[in-house]
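**Student:** After the structure tokens below, expect a handful of questions from me.
See the structure below:
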């Protein structure tokens, strides 16, 4: 989540606001993230059910980040392997 908020004559950007930030009339909200996660936010209920959905979404995001990290490491390793074949002396 991010918020664009008019403060005087300027517009202020508040990225990843914490719970202390209240959404005000006139704020423009920016929801970003994986499409499915953003869609689910719009349907999330308040209360216990919503809290459980939030915890599940956090777990899913942690899993996604771990998978992404593994994929990036694999790609970097493949790049190093290819580079060392092209430039054998520099790869050492």
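Residue numbers (this note's numbering): 324 to 415. For every residue, glycine included, the Cβ atom is placed at its ideal position computed from N, Cα and C.
#1: How about residue 326 and residue 340: do their beta carbons lie closer than 8 Å?
#2: Quickly, what does DSSP pair residue 325 with across the bridge? List them, please.
#3: When you compare the stretch 400-409 with the stretch 357-366, are there three or more beta-carbon pairs, one atom per stretch, that lie closer than 8 Å?
#4: Mapping the DSSP letters down to three states, classify residue 345 as helix, strand or coil.
#5: If you drop the 5 nearest sequence neighbours on each side, which residues of the same chain put their C-beta closer than 6 Å to that of residue 384?
#6: Taking Cβ to Cβ, would you say residue 335 is nearer than 8 Å to residue 328?
**Tutor:** Quick answer:
#1: Note that the C-beta distance between residue 326 and residue 340 is below 8 Å.
#2: 338, 353
#3: no
#4: Here DSSP, grouped into helix, strand and coil, assigns residue 345 to coil.
#5: none
#6: yes
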